[in-house]
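Quick note on the working numbering: the sequence shown kicks off at 1385 and runs consecutively. All C-beta atoms, glycine included, are put in the ideal place defined by N, C-alpha and C. Right, one structure below, let's go through it.
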Amino acid sequence: MKINKAYKFRLEPNTEQEIILNNLVGSARFVWNQVLAISFEMFAKDAFINATNLVNKIMDLKSNPDFEFLKTSSNAVSLQQKVRDLASAWSRFFDPKVHARLKENKKKPRKPKFFKLADGTEIQRRPLMPQFKRKSDGRDSIRLVQFDKYCRVEGNRVKLPNGVGLVTFRKSQDIIGTIKNVTISKKLGHWYVSFGTERELDENPRHPATSAIGLDMGISKLLTTSNGQYIKPKNSFKANQIKLAKLQRQLSRKVLFSQNWKKQNRKIQKLHSHIANIRHDYLHKITTRISKNHAMIACEDLKVANMSKSASGSVENKGRHVKAKSGLNKSILDQGWGMMVDMLEYKQHWQGGLLIKVNPRYTSQTCSECQHIAVDNRQTQSKFECVKCMYVANADFNAARNILAAGHAVLSAEGGCSKGRPLKQKTCDLREKVA
Ligand SMILES: [Zn+2]
1385 MKINKAYKFR LEPNTEQEII LNNLVGSARF VWNQVLAISF EMFAKDAFIN
1435 ATNLVNKIMD LKSNPDFEFL KTSSNAVSLQ QKVRDLASAW SRFFDPKVHA
1485 RLKENKKKPR KPKFFKLADG TEIQRRPLMP QFKRKSDGRD SIRLVQFDKY
1535 CRVEGNRVKL PNGVGLVTFR KSQDIIGTIK NVTISKKLGH WYVSFGTERE
1585 LDENPRHPAT SAIGLDMGIS KLLTTSNGQY IKPKNSFKAN QIKLAKLQRQ
1635 LSRKVLFSQN WKKQNRKIQK LHSHIANIRH DYLHKITTRI SKNHAMIACE
1685 DLKVANMSKS ASGSVENKGR HVKAKSGLNK SILDQGWGMM VDMLEYKQHW
1735 QGGLLIKVNP RYTSQTCSEC QHIAVDNRQT QSKFECVKCM YVANADFNAA
1785 RNILAAGHAV LSAEGGCSKG RPLKQKTCDL REKVA
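Following this line, the structure appears as structure tokens:
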């Protein structure tokens, strides 16, 4: 079994290296925009848009005397990759399934935008069509494939082509596996390097542990385990909330889209990205530890999205506890329960362990001692007291034990066979960040 994993680190180029890197990502952005404009023309003429067709356009751009800089300040491999990404964006646009999903989400219709073709006519830009990239978006990247041919890693430095040379990166962990590609990205003024690796795993890896654990996910305690341990949430959002609110107040006093407004807006974006990084890092640490220590993990089958919806009071609760729930949603999103479950799932898969998602129904009302189900069992948020057998326990701990029992039940019903699951790490992880 092959697994893919991305390792992302902060890159620390010196001034000269930064100039070259800025040119490289700039020309890649330029080519994306040029080829996008060309593909709008193709779209208007009903011409076939695919990777080969679009990649061929790079040659035309390079031979244009106005774009002389493409010959000197770009990386050919990265331009091809950029245009391939554009082709994938188009194929998503042409995929009816993706459109169907968009309709489900029912986003508010935006004011229509148009693209002016060479002959002066305009075509309407539709949802999911690829978009033009701007420098002011604050994010740029290039991807280089055939790593061995153009790059190499020496300790905490990576050699990059186009005269960039050896660049230092903050190597916070070892890179395991063969590096297949490298992505250099710039986000809000910081540079990052992400190594895409491939590793051959045992066809049927055997999990080092033999124990099983049930996890209850909560608000005040991020996780309560069936062996009675708690993991506190890292409320990165809460800790930075005051700071964020202050920045946003300052923003509201500035003239919209003025230089100062833009500067302030960048500060806010930076704080958001900082918060996301902390949370991501924390969740990785927790999930790695749990996954290493337990061959079978049972957790609730969360439909975080559904829970979020019920806060408006539309579902069976009819508005009861609406206020409490809206606060709850913020915390759910803050802690990224869904992200945590995803991480547990692929980490278990790699190690030959299992993650079993159980139906969360009654897990909080069932007595884990005598299995008696009653609403009255749960008198307060934190205390569980069985009305039948008088068993008293912490409510989250009781739930975690029920979840583990439900996991065992699923396992015995399925005969202990794990279903085929995708082996790849989630693309969001792959492209975005891995601590
Ligand atoms: Zn009981």
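- DSSP, read as helix, strand or coil, puts V1794 in helix.
- A contact between stretches requires three or more CB pairs, one per stretch, nearer than 8 Å, and the region 1581 to 1593 meets this requirement with the region 1729 to 1745.
- Shown here, Q1508 sits in a strand according to DSSP, grouped into three states.
- Shown in chain order are the residues whose CB sits closer than 5 Å to a heavy atom of ligand 1: C1751, E1753, C1754, H1756, C1770, K1772, C1773 and Y1775.
- For M1601, no alpha helix (DSSP H) run applies; the uninterrupted beta strand (DSSP E) run containing it begins and ends at A1596 to M1601, by DSSP.
- By the 16-neighbour rule on beta-carbons within 10 angstroms, P1397 is buried.
- Within the same chain, D1600, T1747 and S1748 come within 6 Å of A1783 by CB-CB distance, once the 5 residues on both sides are set aside.
- One thing to note: L1728 has its Cβ within 9 Å of the Cβ of T1671.
- The way I'd put it, the region 1524 to 1543 does touch the region 1560 to 1577; three or more beta-carbon pairs between them come closer than 8 Å.
- Judged by DSSP secondary structure, Y1730 falls within the alpha helix (DSSP H) whose first and last residues are W1721 to Q1735.
- Look at T1456 here: in three-state DSSP terms it is helix.
- For S1475, the secondary structure class from DSSP, reduced to helix, strand or coil, is helix.
- Excluding sequence positions up to five before and after A1435, its CB lies within less than 6 Å of the CB of R1468 and A1471, all in the same chain and listed in chain order.
- The C-beta distance from V1725 to L1667 rounds to 10 Å, too long to meet the 8 Å contact threshold.
- Rounded to whole angstroms, the separation of the alpha carbons of A1660 and R1762 is 34 Å.
- The count of Cβ pairs closer than 8 Å, one atom from the region 1596 to 1610 and one from the region 1412 to 1420, stays below three, leaving the stretches out of contact.
- Apart from the 5 residues on each side of it in sequence, V1794 sits with its Cβ closer than 7 Å to the Cβ of I1740 and V1742 in its chain, given in chain order.
- The Cβ-Cβ distance between Q1401 and G1549 falls below 9 Å.
- Taking a C-beta distance under 9 Å as the contact criterion, L1501 and F1424 qualify as a contact pair.
- I1404 places its beta carbon less than 9 Å from that of G1547.
- One Cα belongs to C1535, the other to V1542, and the distance between them is close to 7 Å.
- In terms of Cβ geometry, L1438 and V1551 do not form a close pair [threshold 9 Å].
- Counting C-beta atoms within 10 angstroms of its own C-beta, A1682 has 16 or more neighbours from the protein chains shown and is therefore classed as buried.
- In this structure, F1478 lies away from P1514, with their beta-carbon atoms at least 9 Å apart.
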